[in-house]
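Residue 1 is where the sequence shown starts when you use the UniProt record's numbering, and the numbers rise one by one after that.
Even for Gly, the Cβ is constructed at its ideal location relative to N, Cα and C.
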Amino acid sequence: MANIEPGTYRIVNLARNKVLRVPNEYPDTIASWHVQDEPNQKWLIERNDGGYRFKNCGHGQYLSVRSTQSNSQAYHGSPTTWKIIPQTSGGYLIQLETIDRVLDLHDRGEVYIWPANDAEPQKVWKFEKLGREAGEKVGADLGTDKSPSKDAGEKAPPPLSPLAARDVQITQQAQKIQALEKQLSGKDKEIDGLRRELEVLKSQESSQVTVLSGKIAELEELVERLLEQESKKPNNAP
């Protein structure tokens with residue numbers, strides 16, 4: 001695993017030359033965009049045990065995923081530990097700490113997790129160092145004028161187009177549906193299990209009833225024989 005120095009970075013996809021950001025209009029999502037000197041495109045990398053966490057400098061939460069299943073979408077939320085794995089061809093994979101799932105940038109700008117496989121280019125990232133602490137810039141790395149007037153005049157990233165916004169909403173809804181379907185599938189399995197247990201109990205009960213009925217019949221037959229024997233004895237017989 002790479003030894004990345006904690007600090008502020010811009011995370012750039014090698015295949016598409018776009019950076020990870022938290023859209024201001026959808027601050028619970030993770031997407032990509034052209035490079036701009038904006039806080040929502042900057043990440044404070046923190047060490048955590050044997051891995052790293054990525055905290056967005058613009059909105060204050062972390063690069064995370066709701067599920068470790070393939071094709072789960074990244075989102076801006078709870079702290080999550082990642083590994084940074086160097087590649088021989090240059091760049092790094094950003095992989096979940098406990099499972100082979102790496103960040104993968106899709107064509108429309110959404111970020112998902114997939115198995116590393118052959119480390120396709122859209123899964124490979126580079127880290128541009130911006131500072132050693134949140135908000136501390138390194139001018140040589142940024143290559144920008146550090147004057148306050150220029151920073152103040154920077155424009156915010158343009159909002160997502162209606163089509164892109166709709167795609168984000170559709171993706172989020174699809175994830176919710178997938179989660180509900182998974183829960184429903186689990187409930188169906190639980191119901192099937194209970195039904196099987198009920199059938200077993202009914203079968204056992206039926207077997208017990210059959211055995212008891214047989215014993216009762218035997219007792220009734222025995223009582224009948226005893227009564228018959230008693231009736232055949234002489235009155236003065238002992």
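Determine the burial state of residue 153: buried for a count of at least 16 other Cβ atoms within 10 Å of its Cβ, exposed for fewer.
Residue placement at residue 153 is flagged as unreliable, the pLDDT there being 45, under the threshold of 50; a coordinate-derived value is accordingly withheld.
Tell me which residue opens and which closes the beta strand (DSSP E) that residue 94 is part of.
Residues 92-96.
In this structure, does DSSP put residue 66 in helix, strand or coil?
coil
Just confirm the distance between the C-beta atoms of residue 20 and residue 124, as a whole number of angstroms; I'd bet it's less than 8 Å.
At roughly 13 Å, the Cβ-Cβ gap does not stay under 8 Å, so residue 20 and residue 124 are not in contact.
Quick check: the segment 55-68 against the segment 191-200, are there 3 or more CB pairs under 8 Å?
no
If distances are taken between C-alpha atoms only, which option among 85, 106, 71 comes closest to residue 115?
Among 85, 106, 71, the Cα nearest to that of residue 115 belongs to 71.
Would DSSP call residue 8 helix, strand or coil?
strand
In terms of DSSP beta bridges, what is residue 26 paired with?
None; residue 26 has no bridge partner.
Between 130, 94, 43, 128, which lies nearest to residue 122 when the distance is taken from Cα to Cα?
94
Name the one or two DSSP bridge partners that residue 128 has.
10
For the beta strand (DSSP E) containing residue 76, list its first residue and its last residue.
72-77
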